[in-house]
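To convert a position in the sequence shown, counted from 1, into the working numbering, add 988. Inspection log for the structure reproduced underneath, given as structure tokens.
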Amino acid sequence: MNAFEYRNGQLHAEEVPLATLAEQYGTPLFVYSRAHILAQYGALAQAFAAVRPLICYSVKTNSNGAVIKTLAAAGAGVDLVSGGELERARRAGVAPSKMVFAGVGKTEVEIADALRAGILFFTVESEPELVRISNLARRLGATGRVALRVNPDVDPQTHKYISTGKQENKFGLDFARAEQAYALAARLPGLEIVGLHMHIGSQILTSRPFAEAVRKVAPLCAELQQRYPAFRYLDIGGGLGIPYQPDQPPLKPAALARELVPLLQPLGLEIVLEPGRYLVGNAGALVTRVQYLKDNPLKKFIIVDAAMNDLIRPSLYQAYHEIQAVRATSARVLGDVVGPICESGDFFAQDRDLPAVPPGELLAVLGAGAYGFAMSSNYNSRPRAAEVMVHGAQHALIRRRETWDDLVRHEAEVTW
Ligand code: LLP
989 MNAFEYRNGQ
999 LHAEEVPLAT
1009 LAEQYGTPLF
1019 VYSRAHILAQ
1029 YGALAQAFAA
1039 VRPLICYSVK
1049 TNSNGAVIKT
1059 LAAAGAGVDL
1069 VSGGELERAR
1079 RAGVAPSKMV
1089 FAGVGKTEVE
1099 IADALRAGIL
1109 FFTVESEPEL
1119 VRISNLARRL
1129 GATGRVALRV
1139 NPDVDPQTHK
1149 YISTGKQENK
1159 FGLDFARAEQ
1169 AYALAARLPG
1179 LEIVGLHMHI
1189 GSQILTSRPF
1199 AEAVRKVAPL
1209 CAELQQRYPA
1219 FRYLDIGGGL
1229 GIPYQPDQPP
1239 LKPAALAREL
1249 VPLLQPLGLE
1259 IVLEPGRYLV
1269 GNAGALVTRV
1279 QYLKDNPLKK
1289 FIIVDAAMND
1299 LIRPSLYQAY
1309 HEIQAVRATS
1319 ARVLGDVVGP
1329 ICESGDFFAQ
1339 DRDLPAVPPG
1349 ELLAVLGAGA
1359 YGFAMSSNYN
1369 SRPRAAEVMV
1379 HGAQHALIRR
1389 RETWDDLVRH
1399 EAEVTW
């Protein structure tokens, strides 16, 4: 399903014109389609139905409570990476028995919180982390369920900043090291070895790296099952890519499942998936108003009221985001879409064939539902944008626009 479509020359989110939302809530504005999120979740759940996976939404992707609640109500669990995300998931009503907690730097406070909450398991990235979880579990009289993160050393052929399953990355443990770490976990009090975790990277558009990784860890899983009676989960992480360009072929969950299910089923394990981008990426658009047109002998610039502080992916990863005029136009211009921030890296598109729109008109930057608002900042003292969720013909503010007061709210005055 496509969340954003033209109807009568107006770009809509489901039944609602984006122009109406921009009028009511102002710009820049993140707009999310609830139906798209649910359709993506449904397609994934259905494709993998044969192994009845626990689909743990990766909260870092878009941590708005309304998004977490939407997915939780559909049956999703959560993949967490901080105490803050644990708190958000709790507030959204996610059952701790559906929470998994990843990350290379879990603090004592975060681990203790998660132990008290009784999460399903920690995905553990190092031996010192095992020791820390063991100590805290003992102190709290709790059991730390652990799945070690194994690094299958496959190349997901994605941007180097979002590739995580190669040996040179900071994540996980290689096979030999993982076996030793499992042996250590078995000796430490307060721990229960429940599974194996991997996550090879993000924005992966073919099944092959996933299949390669599962093939690589399968023999180890079989061995661990023999050795540790409570071993029952294989968490294959997230990373399912989405099309950011209109002609980009999507990774179809059915195609992925066709390759993976025959590898997963014989293992007899409970399967956990941790998708983020796949569920919410194309559910979101960043709506922005054109402020000025400017040109010099080399370039034409469309200057908009959104900036890299709202959506940093183009600046950080040279990521491509499709840009559409909210009011359809056939006029085109070759140029850049840039924000008002004092950095040359503040752009949404460069040297691109774009809709030619005058100041005052609206543009929609698509694919903004994942790692958009979640990675936003107040750089240049810009209040964070508002977020709206659309549900059919209804829409609701799910985070109000920040105010000038919000910008200084946490500062303290020095009196000397
Ligand atoms: N599981 C773990 C352990 C992860 O580290 C991540 C993402 C996910 C699941 C979800 O990955 P996804 O399904 O969304 O690919 N900011 C970057 C992406 C960073 C991904 C970090 N880890 C971007 O904007 O492309």
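Each residue gets a CB set at the ideal place from its N, CA and C atoms; glycine is no exception.
- Between the alpha carbons of I1107 and N1284 lies a gap of roughly 57 Å.
- Within 8 Å of the C-beta of T1049 there is at least one heavy atom belonging to the ligand LLP.
- G1226 and T1403 have their C-alpha atoms roughly 49 Å apart.
- For Y1020, there is no enclosing alpha helix (DSSP H); the residue is found in the beta strand (DSSP E) stretching over 1017–1021.
- Put simply, the backbone Cα of L1299 is about 42 Å away from that of P1254.
- H1024 carries a helical assignment under DSSP once its states are collapsed to helix, strand and coil.
- When only Cα atoms are considered, G1132 and G1091 end up about 15 Å apart.
- For the pair of segments examined, the region 1057–1071 was found to touch the region 1021–1030: the number of CB pairs separated by less than 8 Å reaches three.
- Between L1009 and L999, the beta carbon gap of about 10 Å keeps them out of contact (Cβ cut-off 8 Å).
- The region 1226–1261 is shown to contain whole beta strand (DSSP E) runs of 3 or more residues at 1258–1261, in chain order.
- In the three-state scheme derived from DSSP, where H, G and I count as helix and E and B as strand, K1288 is classed as strand.
- Per DSSP, the beta-bridge partners of I1192 are L1228.
- For Y1308, the distance from the CB to the nearest heavy atom of the ligand LLP is not below 8 Å.
- Under the rule that a run must span 3 or more residues, the beta strand (DSSP E) segments found entirely inside the region 1094–1119 read 1109–1112.
- In this structure, the straight-line span from the alpha carbon of I1188 to that of C1044 is close to 16 Å.
- Per DSSP, reduced to three states, the secondary structure at R1397 is coil, with no helix or strand assignment.
- In the three-state DSSP reduction, P1343 falls in the strand class (E or B).
- Not one heavy atom of the ligand LLP is found less than 8 Å from the C-beta of M1087.
- Judged by beta-carbon spacing, M1363 lies beyond the 9 Å limit of I1329, meaning their Cβ atoms are not closer than that value.
- DSSP lists H1000 as the beta-bridge partner residues of E993.
- Annotation for E1167 indicates a beta carbon at 8 Å or more from all heavy atoms of the ligand LLP.
- At a cut-off of 8 Å, the beta-carbon of T1111 counts as near the ligand LLP: some heavy atom of the ligand is closer than that.
- A1316 is classed as exposed because its beta carbon has fewer than 16 other beta carbons within 10 Å across all chains shown.
- Per the Cβ contact rule, the region 1298–1313 is not in contact with the region 1377–1392 (fewer than 3 Cβ pairs under 8 Å).
- Cβ-Cβ distances below 8 Å link L1006 to F992, Q998, L999, H1000, V1019, A1273, V1275, V1314, L1350, A1352 in the same chain, with the five nearest sequence neighbours on each side left out; the list follows chain order.
- One alpha carbon belongs to V1039, the other to I1121, and they sit about 30 Å apart.
- Taking 9 Å as the cut-off, the Cβ atoms of V1260 and G1183 count as close.
- It is roughly 12 Å from the alpha-carbon of L1251 to the alpha-carbon of I1224.
- About 13 Å separates the Cβ atoms of A1173 and V1138, ruling out a contact at the 8 Å cut-off.
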